[in-house]
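Enquirer: Residue numbers for the sequence shown follow my numbering, beginning at 40 and rising by one. Built from N, CA and C at the ideal position, the CB exists for glycine as well. Handing you a structure now.
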Amino acid sequence: MRIVSGIQPTGNLHLGNYLGAIRNWVRMQDEHEPGTCLYFLADLHAISLPHDPAQLSASTLEMVAALVACGVDPDRSILFNQAQVPAHSELQWLLNGTARMGWLNR
Numbered sequence: 040m041r042i043v044s045g046i047q048p049t050g051n052l053h054l055g056n057y058l059g060a061i062r063n064w065v066r067m068q069d070e071h072e073p074g075t076c077l078y079f080l081a082d083l084h085a086i087s088l089p090h091d092p093a094q095l096s097a098s099t100l101e102m103v104a105a106l107v108a109c110g111v112d113p114d115r116s117i118l119f120n121q122a123q124v125p126a127h128s129e130l131q132w133l134l135n136g137t138a139r140m141g142w143l144n145r
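Shown next as structure tokens:
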């Protein structure tokens, strides 16, 4: 079993982020074998709204530091930046060209 979850690096972490997601991420990484939990920074999701690229890059690094400070352990979990995995954008491009809205609504 794999556990996959992500967070957009568009703002500062707040109590809701910690209680709703990050606390559970830390718990799950500690309960499962190392490498089972994949947590990503959803920077591609973040560009659905206008953002300064330099600011988004800086926010991504700050979010990584905050996640590690909250207990996400890179030795137990896989923590990655969504935009650094070309397959995400490539698959999105293929699905946009082949999956019709009617098919997706079924």
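Spatial neighbours of L77 within its chain, please: CB distance less than 6 Å, with the 5 preceding and 5 following residues excluded, ordered by chain position.
Expert: For L77, where only same-chain residues beyond five positions count, the Cβ hits under 6 Å are V43 and I117.
Enquirer: Tell whether a beta-carbon distance below 7 Å holds between R115 and Q68.
Expert: Against a cut-off of 7 Å, the Cβ pair of Q68 and R115 comes out as a contact.
Enquirer: For A105 versus L52, is the C-beta distance shorter than 7 Å?
Expert: It is a contact, given that the beta carbons lie within the stated cut-off.
Enquirer: Are the Cβ atoms of T99 and L80 separated by less than 7 Å?
Expert: Contact: yes.
Enquirer: Check whether the Cβ atoms of A93 and T49 lie closer than 7 Å to each other.
Expert: Not in contact: A93 and T49 (Cβ atoms no closer than 7 Å).
Enquirer: Excluding sequence positions up to five away, which residues of its chain have a Cβ less than 6 Å from the Cβ of I61?
Expert: Within the same chain, I61 has close Cβ partners C109.
Enquirer: Could you check the C-alpha separation between E26 and Q47 for me, to the nearest Å?
Expert: Since the first and last residues shown for the chain are 40 and 145, residue 26 lies out of range.
Enquirer: Applying the 10 Å Cβ sphere with the 16-neighbour rule, what's the burial state of W64?
Expert: When all chains shown are included, W64 counts as buried.
Enquirer: Quick check on DSSP: helix, strand or coil for G110?
Expert: G110: coil per DSSP, three-state reduction.
Enquirer: Could you pull out every residue in the same chain whose Cβ sits closer than 6 Å to the Cβ of A122, ignoring the five residues on either side in sequence?
Expert: Closer than 6 Å at the Cβ level, and outside the excluded window around A122, lie D82 and L83.
Enquirer: At what residue ranges does the region 110-140 contain a whole run of the alpha helix (DSSP H), taking only runs of 4 or more?
Expert: Listed in chain order, they are 125-137.
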